[in-house]
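Contents: one structure, followed by commentary.
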Amino acid sequence: MSAAPPPALAELLEEMAFLDRAERIEYLIEYADRFVSVPERIAARPYPEERRVKRCESQAYVWAEDAGPDAQRYHFAVENPQGISAKSFCAILDETVSGAPLAQVAAIPGDAVFAIYGRELSMGKGEGLLGILEAVQGFAREAAARGR
Amino acid sequence: MSDIASRGYANPDVLVSTEWVAAHLDDPAVRIIESNEDQLLYPSGHLPGAVQVDWAVDLNDQLRRDYLRRDGFEALMARIGVTRETVCVFYGDRNNWWATYAYWVFQLFGHDNARVMDGGRQKWEQEGRPLVREVPSYAATAYGAPERDDAPVRAFRDDVLAHLEAGGQLVDVRSPQEYSGERLHMPDFPNEGALRGGHIPGARNIPWARAADPADGTFRDAAELRDIYLNEQGLSPDADTIAYCRIGERSSHTWFVLTHLLGFANVRNYDGSWTEWGNLVNVPIEK
Numbered sequence: 082m083s084a085a086p087p088p089a090l091a092e093l094l095e096e097m098a099f100l101d102r103a104e105r106i107e108y109l110i111e112y113a114d115r116f117v118s119v120p121e122r123i124a125a126r127p128y129p130e131e132r133r134v135k136r137c138e139s140q141a142y143v144w145a146e147d148a149g150p151d152a153q154r155y156h157f158a159v160e161n162p163q164g165i166s167a168k169s170f171c172a173i174l175d176e177t178v179s180g181a182p183l184a185q186v187a188a189i190p191g192d193a194v195f196a197i198y199g200r201e202l203s204m205g206k207g208e209g210l211l212g213i214l215e216a217v218q219g220f221a222r223e224a225a226a227r228g229r
Numbered sequence: 073m074s075d076i077a078s079r080g081y082a083n084p085d086v087l088v089s090t091e092w093v094a095a096h097l098d099d100p101a102v103r104i105i106e107s108n109e110d111q112l113l114y115p116s117g118h119l120p121g122a123v124q125v126d127w128a129v130d131l132n133d134q135l136r137r138d139y140l141r142r143d144g145f146e147a148l149m150a151r152i153g154v155t156r157e158t159v160c161v162f163y164g165d166r167n168n169w170w171a172t173y174a175y176w177v178f179q180l181f182g183h184d185n186a187r188v189m190d191g192g193r194q195k196w197e198q199e200g201r202p203l204v205r206e207v208p209s210y211a212a213t214a215y216g217a218p219e220r221d222d223a224p225v226r227a228f229r230d231d232v233l234a235h236l237e238a239g240g241q242l243v244d245v246r247s248p249q250e251y252s253g254e255r256l257h258m259p260d261f262p263n264e265g266a267l268r269g270g271h272i273p274g275a276r277n278i279p280w281a282r283a284a285d286p287a288d289g290t291f292r293d294a295a296e297l298r299d300i301y302l303n304e305q306g307l308s309p310d311a312d313t314i315a316y317c318r319i320g321e322r323s324s325h326t327w328f329v330l331t332h333l334l335g336f337a338n339v340r341n342y343d344g345s346w347t348e349w350g351n352l353v354n355v356p357i358e359k
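Right, here's the structure in full:
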């Protein structure tokens with residue numbers, strides 16, 4: 082079944098298209114400031130290796146918990162204190178993707194990363210952020226396959 | 073990490089410590105310059121008084137694949153309030169990866185009044201030193217730059233071909249997976265893509281970050297660096313050397329290490345790197 086990405090994320094992408102580079106950076110830093118690390122009830126340090134995003138150099142971890150019949154809440158940790166882009170992206174996913182229907186989560190295109198961070202994103206950063214998105218989508222697809 | 077002066081570097085004056093920088097934050101003869109991979113870091117907090125030089129926006133020509141030219145460099149220097157006498161101190165994220173890149177680009181215009189803050193952002197933050205969000209502004213300077221002179225520190229593809237044919241020393245500073253050709257680039261990342269995988273024949277694979285101590289981002293001392301580059305990999309400091317990676321940023325870090333810390337006689341950075349070589353028609357590739 083094909084689906085559109087979560088409306089809250091689509092709205093954010095539309096909004097970002099009107100921002101210049103400096104405004105976009107300000108906006109993303111606000112997200113990074115709102116980043117909340119995974120609660121202890123979900124995971125405690127040291128975080129398990131299988132939750133680590135392999136391609137992310139900011140030591141990002143992703144978890145999912147069930148939230149209703151067709152949705153999940155995603156949790157994140159970013160262990161590199163300088164991983165501010167990773168933190169902003171995790172906060173965006175938490176605010177716009179957590180709680181969305183699983184098919185919508187699976188339908189998020191990879192180029193959303195570039196729409197948010199701009200084309201001048203370095204390949205290393207792009208790869209890490211895509212890795213975070215793919216980890217979230219992996220949870221959504223797995224849950225959908227379980228018939229939740 | 074020990075004092076910079078005691079580490080046996082060929083040219084220890086190119087490095088300054090976080091303590092030195094902390095004592096020179098208000099020194100009008102010094103300009104602190106942050107260059108990062110992560111574009112969000114500087115605006116989220118930087119050293120008091122530091123300006124940002126951004127690799128994508130400030131150092132690259134926005135049309136052709138090249139660095140800025142003399143007028144662009146002069147405008148950049150005017151904007152950040154630097155004269156030819158100003159000591160520019162670079163620092164940044166990821167073991168000073170982009171800081172050494174900016175340092176290298178400054179050398180194309182002969183601004184050798186330049187230093188790198190050992191340990192970069194990582195060490196500064198670990199030591200609990202202050203970061204501010206306020207962006208400073210400095211009175212514009214009139215900076216008279218010479219024409220850009222690429223030849224001493226920069227290699228183009230024809231230079232690399234000639235160097236290769238002459239059996240010259242090459243260092244590929246990418247990851248082992250990129251070197252072997254197992255990993256090309258991200259499918260969604262056409263900007264840094266290559267049609268072929270592998271490496272330039274004869275290149276030694278020495279990933280750039282081996283030169284830094286991951287604990288605090290400082291450079292390893294000269295004995296440790298010699299162990300890696302000379303003893304383990306067999307490089308000769310007297311032989312002409314060309315370093316490359318994917319777009320020339322990681323290899324500028326190795327260029328800095330070989331040139332200034334180990335005193336190699338003639339090192340050039342091939343900034344075309346794998347995104348050029350891996351797309352060229354009919355050049356030799358090894359896997």
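Chains as they are written, first to last, in our numbering: chain A, 82 to 229; chain B, 73 to 359. Glycine included, every Cβ here is placed at the ideal spot set by N, Cα and C.
Rounded separation between residue i and residue j - CA only
{"i": "B/Val353", "j": "B/Pro273", "result": "15 angstroms"}
{"i": "B/Gly350", "j": "B/Pro248", "result": "16 angstroms"}
{"i": "A/Met82", "j": "A/Tyr155", "result": "Low confidence applies to A/Met82: its pLDDT is 47, below 50, so where it sits in the model is not reliable enough to give any reading."}
{"i": "B/Gly121", "j": "B/Val207", "result": "7 angstroms"}
{"i": "B/Glu106", "j": "B/Thr172", "result": "10 angstroms"}
{"i": "B/Glu321", "j": "B/Trp169", "result": "7 angstroms"}
{"i": "B/Asn132", "j": "A/Ala225", "result": "45 angstroms"}
{"i": "B/Arg205", "j": "B/Val123", "result": "11 angstroms"}
{"i": "B/Gln241", "j": "B/Gly192", "result": "29 angstroms"}
{"i": "B/Pro286", "j": "B/Thr347", "result": "27 angstroms"}
{"i": "A/Pro87", "j": "A/Arg102", "result": "24 angstroms"}
{"i": "A/Gly191", "j": "A/Leu214", "result": "8 angstroms"}
{"i": "A/Glu96", "j": "B/Tyr163", "result": "33 angstroms"}
Residues of its chain near residue i, where Cβ-Cβ distance is below 8 angstroms and the 5 sequence neighbours each way are ignored
{"i": "A/Glu176", "result": "Ala89, Tyr112 and Arg115"}
{"i": "B/Lys359", "result": "Ser252, Gly253, Gly269, Gly270 and His271"}
{"i": "B/Leu236", "result": "Leu242, Ile272, Pro273, Gly274 and Pro356"}
{"i": "B/Gly117", "result": "Leu203, Val204 and Arg205"}
{"i": "B/Arg201", "result": "Thr90, Ala94 and Leu119"}
CB contact check: residue i to chain A, cutoff 7 angstroms
{"i": "B/Glu109", "result": "yes"}
{"i": "B/Gly309", "result": "According to the sequence displayed, residue 309 of chain B carries Pro and not Gly. Cβ-Cβ to chain A under 7 angstroms: no for B/Pro309."}
{"i": "B/Ser116", "result": "yes"}
{"i": "B/Asp130", "result": "no"}
{"i": "B/Asp99", "result": "no"}
{"i": "B/Leu119", "result": "no"}
{"i": "B/Leu112", "result": "yes"}
{"i": "B/Asp133", "result": "no"}
{"i": "B/Asp138", "result": "no"}
{"i": "B/Asp288", "result": "no"}
{"i": "B/Asp165", "result": "yes"}
CA nearest to the CA of residue i, picked from the options
{"i": "B/Thr313", "options": "B/Ala227, B/Cys160 and B/Arg246", "result": "B/Ala227"}
{"i": "B/Trp127", "options": "B/Leu140, B/Pro120, B/Gly117 and B/His118", "result": "B/Leu140"}
{"i": "B/Ala234", "options": "B/Pro356, B/Ser107, B/Arg103 and B/Asp75", "result": "B/Pro356"}
{"i": "A/Gly149", "options": "A/Phe99, A/Gly207, A/Pro182 and A/Ser169", "result": "A/Pro182"}
{"i": "B/Glu197", "options": "A/Gly219, A/Gly228 and A/Asn161", "result": "A/Asn161"}
{"i": "A/Ala91", "options": "A/Lys135, A/Glu201, A/Gly209 and A/Val194", "result": "A/Val194"}
{"i": "B/Phe181", "options": "B/Pro115, B/Gly144 and B/Glu219", "result": "B/Glu219"}
{"i": "B/Asp85", "options": "B/Thr331, B/Leu135 and B/Arg340", "result": "B/Thr331"}
{"i": "B/Leu302", "options": "B/Ala284, B/Ile278, B/Arg318 and B/His325", "result": "B/Ile278"}
{"i": "A/Gly228", "options": "A/Asp151, A/Ala167 and A/Leu210", "result": "A/Asp151"}
{"i": "B/Ala186", "options": "B/Asp221, B/Ala174 and B/Asp299", "result": "B/Ala174"}
Minimum Cβ-Cβ distance from residue i to chain B less than 7 angstroms
{"i": "A/Ile110", "result": "yes"}
{"i": "A/Met82", "result": "Any answer about A/Met82 is weak, because its pLDDT of 47 lies below 50 and its placement is not dependable; what the coordinates show is given next. Closer than 7 angstroms: no."}
{"i": "A/Gln185", "result": "no"}
{"i": "A/Glu215", "result": "no"}
{"i": "A/Ile165", "result": "yes"}
{"i": "A/Ser203", "result": "yes"}
Neighbour list for residue i in chain C, Cβ cutoff strictly below 9 angstroms
{"i": "A/Glu107", "result": "You won't find chain C in this structure, because its protein chains are A and B."}
Own chain residues within Cβ distance below 7 angstroms of residue i, not counting five before or after
{"i": "A/Tyr128", "result": "Tyr142 and Ala158"}
{"i": "A/Ile123", "result": "Trp144, Glu146 and His156"}
{"i": "B/Leu333", "result": "Tyr81, Ala82, Phe291, Ala294 and Leu297"}
{"i": "B/Glu109", "result": "Asp165, Arg166, Trp169 and Trp170"}
{"i": "B/Gly153", "result": "Arg103, Tyr210, Ala211, Ala212 and Thr213"}
Other residues of its chain near residue i: CB distance less than 6 angstroms, five sequence neighbours each side excluded
{"i": "A/Pro120", "result": "none"}
{"i": "A/Ser169", "result": "Leu109, Tyr112 and Ala113"}
{"i": "B/Met149", "result": "Tyr215"}
{"i": "A/Ser179", "result": "Arg154 and Tyr155"}
Short Cβ contact (7 angstroms threshold) for residue i with residue j
{"i": "B/Ala275", "j": "B/Asp310", "result": "no"}
{"i": "B/Val225", "j": "B/Gln179", "result": "yes"}
{"i": "B/Ala82", "j": "B/Gly306", "result": "no"}
{"i": "A/Leu94", "j": "A/Ala188", "result": "no"}
{"i": "A/Ala85", "j": "A/Ala184", "result": "no"}
{"i": "B/Asp190", "j": "B/Ser89", "result": "yes"}
{"i": "B/Ala211", "j": "B/Glu146", "result": "no"}
Residue i beta carbon near the ligand FAD (any heavy atom closer than 6 angstroms)
{"i": "A/Asp151", "result": "Annotation note on the ligand FAD: not contained in the displayed structure, which lists no ligands."}
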